[in-house]
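A.B. asks: Quick one: structure below, then a few questions.
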Amino acid sequence: MTDLHYRLPHYDWLLKAGADADVVVVSGDLLDIATPVPVEAQAAVVSTYLSRLAASTTVVASSGNHDLDGPGPTGEQSAGWLTRLDSPGLHTDGTSLDLEGLRVTVAGWWDGPLTRDAVEAQLAAAAADRPERWVWVYHSPPAGTRLCFDGRRTFPDESLAAWVAEHEPDVVLCGHIHQAPWVDGGGWYDRLGRTTVINPGKQIGKIPPHVWLETGEGTALWYGLGEQDQLQVW
Numbered sequence: 057m058t059d060l061h062y063r064l065p066h067y068d069w070l071l072k073a074g075a076d077a078d079v080v081v082v083s084g085d086l087l088d089i090a091t092p093v094p095v096e097a098q099a100a101v102v103s104t105y106l107s108r109l110a111a112s113t114t115v116v117a118s119s120g121n122h123d124l125d126g127p128g129p130t131g132e133q134s135a136g137w138l139t140r141l142d143s144p145g146l147h148t149d150g151t152s153l154d155l156e157g158l159r160v161t162v163a164g165w166w167d168g169p170l171t172r173d174a175v176e177a178q179l180a181a182a183a184a185d186r187p188e189r190w191v192w193v194y195h196s197p198p199a200g201t202r203l204c205f206d207g208r209r210t211f212p213d214e215s216l217a218a219w220v221a222e223h224e225p226d227v228v229l230c231g232h233i234h235q236a237p238w239v240d241g242g243g244w245y246d247r248l249g250r251t252t253v254i255n256p257g258k259q260i261g262k263i264p265p266h267v268w269l270e271t272g273e274g275t276a277l278w279y280g281l282g283e284q285d286q287l288q289v290w
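Numbering of the sequence shown is given in my numbering, commencing with residue 57 and proceeding in unit increments.
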């Protein structure tokens, strides 16, 4: 799932539902800079949720533009609170996780040329010995997909599209464009070459939109508010 934006009922649901999954992925914007709660306080609360969930299953979380909390090692903005978490079973920005022939690579939100170059280098390094299946987690959808469209404008990530073209991962799990699954010209998935790109979207309600990716069967099951869809990924 994606874009939880500090909606605590969604985190409460995640604690229960996530325990049934082998791996839980949250693709960015765990916090929300538009709320009156300070980022530091939000980060403390969300860190507790992630740590509790990581005690029962494997958790993957990438940063989004709402998760940045100050300059990182490069001097550009980063989600330091997220990368500093040290819970067993929790994997965040800049890491890769290998599970039974499948690699999950977690790329953080890049805020400038130095952090962009770091993501590029990370993906190139992870490609060197990639297993049979490779999944990327990054907040923004790549250019050239309908997942970038919010009903009025398109917000393409040209860099990510170029990396997808170069490395051809099997799946990219993203978010950022909340309305994409429900607007004309949008969608919850698209293809970019041989790569499937998935954006579950963001909605109101007690249960966040989410996708169950069954890696053995190669299927993706999307659940929105009162609707669902299925896709054969591989």
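C-beta atoms are modelled at their ideal positions from N, C-alpha and C, and glycine is treated no differently.
Everything numeric in this text was worked out from a predicted model, so none of it was measured.
Around the Cβ of TRP166, are there at least 16 other Cβ atoms within 10 angstroms (buried) or fewer (exposed)?
C.D. replies: By the neighbour-count rule (16 or more Cβ atoms within 10 Å), TRP166 is buried.
A.B. asks: Applying the 10 Å Cβ sphere with the 16-neighbour rule, what's the burial state of THR104?
C.D. replies: When all chains shown are included, THR104 counts as exposed.
A.B. asks: Start and end of the beta strand (DSSP E) containing GLU96?
C.D. replies: Segment 95-110 is the alpha helix (DSSP H) holding GLU96; no beta strand (DSSP E) there.
A.B. asks: With DSSP run on the structure shown, which of helix, strand or coil describes ALA117?
C.D. replies: Note: ALA117 maps to strand in three-state DSSP.
A.B. asks: How would you call ARG202, buried or exposed, if buried means at least 16 neighbouring beta carbons within 10 angstroms?
C.D. replies: So ARG202 counts as buried.
A.B. asks: Helix, strand or coil, according to DSSP, for GLU176 in the structure here?
C.D. replies: Here GLU176 sits in helix by DSSP.
A.B. asks: Can you determine whether any heavy atom of the ligand ATP sits closer than 7 Å to the C-beta of LEU138, and answer yes or no?
C.D. replies: Only the bare structure without any ligand can be found here, which leaves the ligand ATP out of the picture.
A.B. asks: Looking at the unbroken beta strand (DSSP E) that takes in HIS266, where does it start and where does it end?
C.D. replies: 266-270 is the span of the beta strand (DSSP E), which, as asked, contains HIS266.
A.B. asks: Taking the alpha-carbon of GLY150 as reference, which of GLU273, ASP123, VAL193, GLY157 has the nearest alpha-carbon?
C.D. replies: Nearest of GLU273, ASP123, VAL193, GLY157 to GLY150, Cα basis: VAL193.
A.B. asks: Alpha carbon to alpha carbon, how far is TYR245 from GLU270?
C.D. replies: C-alpha separation (whole angstroms): 15 Å.
A.B. asks: When you compare only the Cα positions, how much space is there between PRO187 and GLN286?
C.D. replies: Using only the alpha carbons, I get a separation of about 25 Å.
A.B. asks: Which same chain residues end up closer than 8 Å to LEU124 when comparing Cβ atoms and leaving out the 5 residues on each side of it in sequence?
C.D. replies: Here the set comprises GLN133, SER134, ALA135, TRP165, ASP167.
A.B. asks: Using the rule of at least 16 other Cβ atoms within 10 Å of the residue's Cβ for burial, across every protein chain shown, is LEU86 buried or exposed?
C.D. replies: Buried, by the Cβ-count rule.
A.B. asks: Just reading off the beta strand (DSSP E) that VAL227 is part of, what are its end residues?
C.D. replies: Note, VAL227: beta strand (DSSP E), 227-229.
A.B. asks: Assuming VAL162 and SER118 form a contact by the criterion Cβ under 8 Å, report the distance between their Cβ atoms to the nearest whole angstrom.
C.D. replies: With 8 Å as the limit, VAL162 and SER118 qualify as a contact, their Cβ atoms being about 5 Å apart.
A.B. asks: Evaluate LYS258 with the Cβ neighbour count: other Cβ atoms within 10 Å of its Cβ, from every protein chain shown; 16 or more gives buried, anything less gives exposed.
C.D. replies: Buried.
A.B. asks: Just how far apart, CA to CA, sit VAL101 and TYR67?
C.D. replies: Straight-line Cα distance between these residues: approximately 10 Å.
A.B. asks: Who are ARG247's beta bridge partners in DSSP?
C.D. replies: Per DSSP, THR252.
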